[in-house]
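Contents: one structure, followed by commentary.
Number of protein chains: 2
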Amino acid sequence: MKKETILFKKGRNIFNEGEKVKGIFFLYTGSVKVYKQWGDQKQLILRFAKEGDILGHRGLGGVDVYPIAATALEDTKACFITNDFLEATLKTNPSFTYKLMHFYATELQKAEQRMRNLAHMEVKGRIAEALLELCDVFGTDEHKYISVAVSRQDIASYAGTTYETVFKFFTELIQKKIITTSGKTIKINNAAKLKQYISGHEK
Amino acid sequence: MKKETILFKKGRNIFNEGEKVKGIFFLYTGSVKVYKQWGDQKQLILRFAKEGDILGHRGLGGVDVYPIAATALEDTKACFITNDFLEATLKTNPSFTYKLMHFYATELQKAEQRMRNLAHMEVKGRIAEALLELCDVFGTDEHKYISVAVSRQDIASYAGTTYETVFKFFTELIQKKIITTSGKTIKINNAAKLKQYISGHEK
DNA sequence: CGAGTCGTTGAAAGAATTCAACTTGTGTGG
DNA sequence: CCACACAAGTTGAATTCTTTCAACGACTCG
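Protein sequences appear in the order of chains H and W. Per our numbering, the very first residue in the first sequence carries number 1; after that it's consecutive. Per our numbering, the very first residue in the second sequence carries number 1001; after that it's consecutive.
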């Protein structure tokens, strides 16, 4: 037993928080949200992943249960790699280990950057950041719309705020023509103005 | 040039955010805060480190400047390891690389845990968490006081809140005899009650 | 003995969430 | 094809939590 390709339908859970770690995934196609739960209702989305990204690597630290959950945002194909195979590869292929270590280091930096933002940036800034991040991760289609339809609830969960707050800020942004929406997809018209909401917040 | 031991006086910066990465540090003695700046006045403390901990390892991800700063909380001795030496060790010693990778994976988990807390936990919970974390990292002296005197400002920066808010909550905790203070040091009398402020927050 | 800093406190202001209502859309069954 | 029920989208107002501001007393340093 080594690798196998699995298809996850849109909305399906790939793995759950607290579930025993069985291995890691490489995404072939599709997109995924990775998140942590808080109470019943609230979640914090840690990261969006797309083709080429690794998933479930958080299972490698100490404990043997996933500290996070992952759900497919659209139909997603992933290659599953068992722990045994992964461990064997790490042992025989030091340069792979080295690369993976660098990957972790980068992820850590990003996580800490975001930690600071969650702590000190105001909500509008965090939502603006979330939009730019989505654009960055998923890219845009031929009409400059963000390629994946992410719900406002998910944007809220990513920015660490509520659905309504996102909604109200979106209304403001649309009025100012900084973004445009069409159904569930979003277009950023003016990234520069969006970034103004982020800035270093000096009074 | 390989390793050298350096002494940092209390309050001294070990390295600054944006500074070019020169290597990493292992702490022999003392304690350190690792933080990110926000604007002029605000900072978010990411982590407290003590003897035996690694410092500056965030410099390994992609960019070659430290994404964070570190300051000694008390007189601290550290062993400095240059990048060259570190890289050489990583290349010749795969099991070290493997361990370092695991270390990163664990740090990443902790960071994401804390991210969720910053996003969804209310302030009192975050302060309570900060106290328990301090206790966990630094341990207590013979009178059960936390071994290192950390300023309330630093606790605020760790919990992502303001000095005054920490102060007021401390007053409440002291009244309820959940903690005791003596000068700048703190004793936790009732960890269980402190944890109540953290809980899963279901209404 | 001021000047200034730090610790302490209360009150005001502000930001975001929550709540509740209303509108729109969707689907089901008559 | 219409009527009704239910879910989802939209909005404003009230509430809550936290921060900010300002003032006061204590304590330290020239």
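Glycine included, each C-beta is placed from N, C-alpha and C at the ideal position. Computed from a prediction, not measured in an experiment: that's the story for all the values here.
_Suppose only complete runs of 4+ residues qualify. What are the alpha helix (DSSP H) ranges in the stretch 154-178 of chain H, listed by chain order?_
163-175
_Counting only C-beta atoms, is W/Thr-1097 closer than 8 Å to chain H at any point?_
yes
*Roughly how many angstroms separate the alpha carbons of W/Gly-1011 and H/Lys-195, rounded to a whole number?*
35 Å
*Assuming W/Asn-1083 and W/Lys-1020 form a contact by the criterion Cβ under 8 Å, report the distance between their Cβ atoms to the nearest whole angstrom.*
Rounded, the Cβ-Cβ distance is 10 Å, inconsistent with contact.
*Alpha carbon of H/Ile-6 to alpha carbon of H/Ile-68, nearest angstrom*: 20 Å
*Near W/Ser-1157, which residues of its chain fall below 7 Å by C-beta distance, leaving aside the five closest residues on each side in sequence?*
Tyr-1035, Gln-1043, Leu-1044 and Ile-1045
*Nearest to H/Met-121 by CA position, among H/Leu-55, H/Ser-31 and H/Gly-160, is which residue?*
H/Gly-160
_Given this structure, state the Cα-to-Cα distance separating W/Phe-1169 from W/Gln-1113, to the nearest angstrom._
23 Å
*Please look up how many angstroms separate the CB atoms of H/Ile-81 and H/Leu-55, rounded, as I've assumed it's under 8 Å.*
Not confirmed; about 10 Å, so no contact.
*List the residues of chain W that H/Lys-42 touches, going by C-beta distances under 7 Å, in chain order.*
His-1120
_Close Cβ partners of H/Arg-152 (< 8 Å) along its chain, the five nearest in sequence each way excluded_ = Tyr-163, Val-166, Phe-167 and Phe-170
*Shorter than 8 Å from the beta carbon of W/Tyr-1145 to some beta carbon of chain H?*
no
_Distance between H/Thr-181 and H/Gln-175 (C-alpha atoms, nearest Å)_ = 11 Å
_Closest residue to W/Asp-1154 among W/Asn-1190, W/Ile-1127, W/Lys-1091 and W/Asp-1064 (Cα-Cα distance)_ = W/Ile-1127
*Quick one: give me the first and last residue of the beta strand (DSSP E) that H/Ile-24 is part of.*
23-29
*Nearest CA to the CA of W/Arg-1037: which residue from H/Asn-117, H/Glu-172, H/His-143 and H/Val-65?*
Position check: residue 1037 of chain W holds Gln in this sequence, whereas Arg was assumed. Nearest option by C-alpha distance: H/Asn-117.
*Use the C-beta contact count for W/Thr-1071: other C-beta atoms within 10 angstroms, 16 or more gives buried, fewer gives exposed.*
buried
*Out of curiosity, what's the CA-to-CA distance linking H/Thr-89 and H/Lys-177?*
51 Å
*Contact set between the stretch 1014-1040 of chain W and chain H, restricted to residues whose Cβ is under 8 Å from the partner*: Lys-1036, Trp-1038, Gly-1039 and Asp-1040
*Mind pulling the beta strand (DSSP E) runs of 3 or more residues that sit fully within the stretch 1071-1124 of chain W?*
1076-1082
*With DSSP collapsed to three states, give me the class of W/Lys-957.*
Nothing in the structure corresponds to residue 957 of chain W, since chain W is present only between 1001 and 1203.
*Where does H/Val-137 sit, in a helix, a strand or coil, going by DSSP?*
helix
*Mind pulling the chain W residues with CB within less than 8 Å of H/Ala-111?*
Leu-1108, Ala-1111, Glu-1112 and Met-1115
*Can you grab the Cα-Cα spacing for the pair H/Asp-64 / H/Lys-187, in whole Å?*
40 Å
*Under 7 Å from any heavy atom of the ligand ZN, does the C-beta of W/Arg-1012 make it?*
Of ligands this structure carries none, so the ligand ZN is not represented either.
*Helix, strand or coil for W/Gln-1196, going by three-state DSSP, please let me know.*
helix
*Can you list the residues of chain H that W/Arg-1058 reaches, using a CB-CB cut of under 8 Å?*
Ala-105, Leu-108, Gln-109 and Glu-112
*From H/His-57, H/Thr-29, H/Asn-13 and H/Ile-179, residue whose alpha carbon lies closest to that of H/Phe-103*: H/His-57
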